[in-house]
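Heads up, the sequence shown is in this note's numbering, so the first residue is 5 and it goes up one at a time. Idealized CB from N, CA, C, for every residue including glycine. Since we're looking at a predicted model, the values are computed, not measured.
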Amino acid sequence: MKVKYQRYFPSFAWGLLALPPLRHILESSMVTHMLIQLPALAFVGWWFGQGFSKDLTRKIALWNQWGITGMVLVVITMFYWMLPRALDAAISEPVFEAAKFFVIPLFIGTAFNLSWSSLPPIAQGVLKLEFWATFMRLGWLYIVLPDRLCANYLLGDQRILGYILLILGSVWAVSWALKILFGIRWRWA
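This is the structure in structure tokens:
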């Protein structure tokens, strides 16, 4: 495939995620909504940011010194979309659904792409630790609460998501421990 067409791939992936049949499948379960659709939208935004010209990236870098501004935007947006009320609104109200399809790719994916590499290593470590802690807190919360947090999803769905978040957080912690203690690096090639 020719290189000049690769810049359209993020738009194609975004359009595919916005198609009603696929959107309905991904939003029918709390697990697929939070662990597949939202990260996929963020990945599309990250991919979109890869295609920015060097001139545009330099202009954005003036406002995003050391990646701090962009990562603050990422964190605030992520915390909003982790709220159960935000998930309910995205399913029940078309305005929030449309906002989700624009805000997550731009404010999470693209901002992450433009900010992460210029963020100091200590700040990267702090953010990784906070994301891990958020996985563990949400997982525990979704399991132990006797009431549904999302009105559009069943209590069983919420608990399954909680267990999956705890498992993912545990795998993440073990991989970090192996990397830090023994220098083991995972190769995904």
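Leaving out the 5 sequence neighbours to the left and right, which residues in its chain are closer than 8 Å to residue i when beta-carbon positions are compared?
i           : result
residue 19  : none
residue 173 : 136, 139, 140, 143
Taking 7 Å as the cut-off, is the CB of residue i close to at least one heavy atom of the ligand MG?
i          : result
residue 30 : The ligand MG is absent from the structure shown, which contains no ligands of any kind.
Tell me the DSSP secondary structure of residue i in three-state form.
i           : result
residue 134 : helix
residue 92  : helix
residue 188 : coil
residue 43  : helix
residue 116 : helix
residue 57  : coil
residue 161 : helix
residue 145 : helix
Quick check on the DSSP output: the alpha helix (DSSP H) that includes residue i runs from which residue to which?
i           : result
residue 101 : 98–107
residue 28  : 24–31
residue 85  : 72–86
Where does residue i land, buried or exposed, given buried means 16+ other C-beta within 10 angstroms?
i           : result
residue 160 : exposed
residue 98  : exposed
residue 104 : buried
Sorted by chain position, which residues of the same chain lie with C-beta nearer than 6 Å to residue i's C-beta, five sequence neighbours on each side aside?
i           : result
residue 158 : none
residue 55  : 11
residue 170 : 143
residue 111 : 77, 81
residue 100 : 93, 94
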